[in-house]
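J.: What the sequence shown shows, in this note's numbering, is residues 1 to 104, in sequence order. All residues carry an ideal CB built from backbone N, CA and C; glycine is no exception.
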Amino acid sequence: MSRKGRRHSTGFGYIGFGNNQATFNQKSSKPFSVYKEKLDLEAHLHYKLNFLHRDLTKQDKQKIKDKIRKQERILFIRAIATTIVVFSGLAYLTYYLINQILSH
Numbered sequence: 001m002s003r004k005g006r007r008h009s010t011g012f013g014y015i016g017f018g019n020n021q022a023t024f025n026q027k028s029s030k031p032f033s034v035y036k037e038k039l040d041l042e043a044h045l046h047y048k049l050n051f052l053h054r055d056l057t058k059q060d061k062q063k064i065k066d067k068i069r070k071q072e073r074i075l076f077i078r079a080i081a082t083t084i085v086v087f088s089g090l091a092y093l094t095y096y097l098i099n100q101i102l103s104h
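(1) Helix, strand or coil, according to DSSP, for Thr83 in the structure here?
(2) Suppose the cutoff is 8 Å on Cβ atoms and the five residues either side in sequence are ignored; what does the same chain contact list for Ala91 look like?
(3) According to DSSP, simplified to helix, strand and coil, what is Thr57?
(4) Which residues in the same chain as Asn99 place their Cβ atom closer than 7 Å to its Cβ, once the five residues preceding and following it in sequence are excluded?
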């Protein structure tokens, strides 16, 4: 007569679970589809996003890539313009202070 074996040993699993065997034998209380629908609803209400449940075509993917590249280019140009303005302001301030010190 052999003893009935357990499904998992108590030392099995991620240490964060502890050694509770019930962690490995339980089912989730809600199916994923419930959470997915809730996420879709929340995203639509708060961010006006509609999740697409279809595969994207090559043209759609290219449009998305072009849009991202355009946004990155605009951000880069703004950063350069801001850097130039700040640097020229600092250069002028330095020049003014040096002239004030040398004139006295």
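T.: In this structure, then:
(1) Thr83 sits in a helix when the DSSP states are folded into three classes.
(2) Contacts found: none.
(3) It is coil, neither helix nor strand.
(4) Cβ neighbours of Asn99 beyond the five flanking positions: none.
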